[in-house]
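Start counting the sequence shown at 1; every next residue gets the next number (full-length UniProt numbering). Glycine included, C-beta positions come from ideal geometry on N, C-alpha and C. Predicted, not measured: the structure shown is a model, and the values here were computed from it. One structure is given below, encoded as structure tokens.
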Amino acid sequence: MNNEIVSVDLGSNSFRVLKYDCLNHKIVLEYNEVVGMADGLVDTGIISKEAMLRVVSAIKHSSEVLNYKPENAVCVTTAAMRKAKNSKEVLEFFKNETGINFEIINGDEEARLTLLAVKYALKRENINSDNFILLDIGGGSTEIIVNTKDKYSAKSFDFGIVTMTQKFLKNHDLHKDLENRKIEIRDFLDSLHLDLKNYSFVATAGTPTTIAAIKLGQDFFSYDRNIVNGAIVNLEDLANSLDIFKNSSKEEIARLVGRGRVEFIEVGIFIYKAIFEVLNKKESIVLDDGLREGVAINYCLTKCKN
């Protein structure tokens, strides 16, 4: 039992827990819940009391389902908590209510840990992992990581599916905003002076995995990460998914993408499409592995060495 570690990733929209076997580098159990922590963050600058209570409820429920003690888990939180003016009070509230102890990590550390998970995942899926560009679309930030053999360059961009949706609902200029974001990303890539033709395009997080799942005939309730891992998604798949969402009711979309993601999925697809365009790529490899896996692997490599 002492070879097992529990990692927790509290994102802007999702709460994800992993029980991980350090000895065999295998996932034992997982738990995912939409908590909408960044709801209203763009307008108010704070995490709401309602969101805090949803997170506390998710922590308590996940600890029952996965049988772990929150105070013993390795826990990180990201963009929403980096942005929120009341983050210190929020984290104290979580600790007082559940015993859990979150560390707010910056965009660079988020990128490093996500990359670690993806490298392990690519090896597991027998996919060449030397040169690739990794996209991680989060709720409050988007990370782009360019991996060249044992070196990498990463940048965290200040937009995600939740914050961009909130701004879009207010200002109605999503595509103009995305064009500006594409320029930012292009500038970052140009600064690296690399030939991107020699790099595969890898994507992780909820939007890419949802598109891959829909392509494979899965919905939120039949989602199987083992089948999604290594799936190929192309621009046509994005267009097909947008068509499905345009012609479906909210209930049908919720069945496909999960409750709490309905209002964000289209913006997620537009962000995904924008990165395809910047990179001039026709397809991307999709992986379910991300930050929570990276947190667990990092802990195993640094703390569990005998």
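With DSSP as the reference, label residue i as helix, strand or coil.
| i | result |
| --- | --- |
| Cys-75 | strand |
| Asn-306 | Unreliable placement is indicated for Asn-306, whose pLDDT of 48 sits below 50; the coordinate value is still reported in the next sentence. Asn-306 falls in the coil class under three-state DSSP. |
| Val-35 | coil |
| Ala-205 | coil |
| Asp-243 | helix |
| Leu-29 | strand |
| Asp-43 | helix |
| Leu-287 | strand |
| Lys-69 | coil |
| Ala-254 | helix |
| Lys-155 | strand |
| Leu-194 | coil |
| Ile-105 | coil |
Just to confirm the assignment, what range does the beta strand (DSSP E) spanning residue i have?
| i | result |
| --- | --- |
| Phe-15 | 14-21 |
| Asp-130 | No beta strand (DSSP E) contains Asp-130, which DSSP labels as neither H nor E. |
| Ile-144 | 142-148 |
I'd like the span of the alpha helix (DSSP H) that includes residue i, first residue to last.
| i | result |
| --- | --- |
| Ile-185 | 174-190 |
| Leu-91 | 87-98 |
| Glu-125 | Counting along the chain, Glu-125 falls outside any alpha helix (DSSP H), and DSSP gives it neither H nor E. |
| residue 314 | There is no way to answer for residue 314, as the model of the chain reaches only from 1 to 306. |
| Ile-59 | 49-66 |
| Leu-216 | Leu-216 -> no alpha helix (DSSP H), and no H or E assigned at all. |
| Val-228 | 225-228 |
Compute the distance between the beta-carbons of residue i and residue j, then report whether it is under 7 Å.
| i | j | result |
| --- | --- | --- |
| Ile-47 | Ala-84 | yes |
| Arg-255 | Asp-9 | no |
| Gly-268 | Thr-204 | no |
| Gly-290 | Ala-117 | yes |
| Lys-155 | Val-42 | no |
| Ala-274 | Lys-215 | no |
| Ile-211 | Asp-237 | yes |
| Lys-19 | Leu-66 | yes |
What number of angstroms, rounded off, separates the C-alpha of residue i from the C-alpha of residue j?
| i | j | result |
| --- | --- | --- |
| Val-162 | Ser-129 | 30 Å |
| Gly-107 | Leu-122 | 22 Å |
| His-175 | Ile-227 | 32 Å |
| Glu-33 | Ile-253 | 17 Å |
| Phe-159 | Thr-98 | 30 Å |
| Val-55 | Gly-294 | 21 Å |
| Cys-21 | Asp-173 | Reading the sequence as shown, one finds Asp at residue 21 and not Cys. Rounded to whole angstroms, Asp-21 to Asp-173 spans 45 Å at the Cα level. |
| Lys-88 | Ala-51 | 15 Å |
| Asp-187 | Ser-57 | 42 Å |
| Ser-200 | Phe-276 | 11 Å |
| Leu-196 | Tyr-120 | 22 Å |
| His-25 | Asn-3 | 10 Å |
Quiz item: Using 8 Å as the Cβ pair cut-off and three pairs as the minimum, do the stretch 213-232 and the stretch 133-150 touch?
Solution: Segments in contact, no.
Quiz item: Does the stretch 4-18 come within contact of the stretch 26-39, defined as at least 3 CB pairs closer than 8 Å?
Solution: Judged by Cβ distances under 8 Å, the stretch 4-18 makes contact with the stretch 26-39, as three or more pairs qualify.
Exercise. Report yes or no: do the stretch 61-78 and the stretch 94-106 share at least 3 C-beta pairs separated by less than 8 Å?
Key: Yes, they touch.
Quiz item: How do the stretch 264-283 and the stretch 130-147 stand: do at least 3 beta-carbon pairs fall below 8 Å, yes or no?
Solution: The stretch 264-283 makes contact with the stretch 130-147; the number of CB pairs closer than 8 Å reaches 3 or more.
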